[in-house]
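Take 5 as the starting number for the sequence shown in the numbering used here and just add one per residue. By construction, the Cβ of each residue, glycine as well, lies at the ideal position given by its N, Cα and C atoms. Bear in mind the structure is a predicted one, so any value in this text is a computation, not a measurement. Here is the structure we will look at.
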Amino acid sequence: MSLAAIPADALCRPITSPFVGVGVRLPAWVGKNPSLSEVYALGAELGVTKARSWMYIGYETWGRIDSVYAIGVHDGTPFGPVDDSNIQTVEATYVEAMSRLGVSREDALRFAPFERGFWAPQA
């Protein structure tokens, strides 16, 4: 990943489970659903789109998953956008999106970025 291309206000955190990667919080995109072209353009700048599998995921959680928006590629095959905020279906939609990267339901529901404080500023 090209660190020079990361927006100045972004926060980066390592993700070690259920896969190894980097989470990038993009304040300018919080609460928004960027277009495919926006996601792919930033992904190309960061070098993420060179990977055979990657995912942009936007979500809201208030004790449960309230909304999910995902765009990605798994083994070279694009998917998304996946967009759901229906309380009856959003958890299943989120689990399905994560499963495209080989993440089990159990691991998806324990995803570290959902934990309170994961995105808090670090000293």
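So who's on the other strand from residue i, going by DSSP bridges?
| i | result |
| --- | --- |
| Ala-74 | Ile-61 and Val-86 |
| Thr-81 | His-78 |
| Ile-69 | Thr-65 |
Let me know if residue i comes out buried or exposed under the rule of 16 or more other beta-carbons within 10 Å of its beta-carbon.
| i | result |
| --- | --- |
| Ile-91 | exposed |
| Asp-79 | exposed |
| Gly-35 | exposed |
| Val-26 | exposed |
| Gly-47 | buried |
| Ala-45 | exposed |
| Gly-76 | buried |
For residue i, collect the residues of the same chain with a Cβ closer than 8 angstroms to its Cβ; drop the 5 residues on either side in sequence, then sort them by chain order.
| i | result |
| --- | --- |
| Ala-14 | Val-28, Arg-29, Leu-30 and Pro-31 |
| Val-99 | Arg-109, Ala-112 and Leu-113 |
What is the DSSP secondary structure of residue i, counted as helix, strand or coil?
| i | result |
| --- | --- |
| Val-28 | strand |
| Leu-15 | strand |
Using a Cβ cut-off of 7 angstroms (strictly closer), state whether residue i contacts chain B.
| i | result |
| --- | --- |
| Arg-29 | In the displayed structure, chain B is absent; only one protein chain is listed. |
Going along the chain, which residues of its own chain have a beta-carbon closer than 6 angstroms to the beta-carbon of residue i, five neighbours each way excluded?
| i | result |
| --- | --- |
| Gly-3 | Because the chain is modelled from 5 through 127, residue 3 falls outside the range shown and cannot be assessed. |
| Ala-9 | Glu-49 and Leu-50 |
Beta-carbon within less than 7 angstroms of residue i's beta-carbon, same chain only, minus the 5 sequence neighbours each way: which residues are those?
| i | result |
| --- | --- |
| Trp-33 | Gly-62 |
For the region 116-124 against the region 89-108, do three or more pairs of beta-carbon atoms, one drawn from each stretch, fall closer than 8 angstroms, so that the two count as touching? The region 116-124 makes no contact with the region 89-108; the number of CB pairs closer than 8 angstroms stays below 3.
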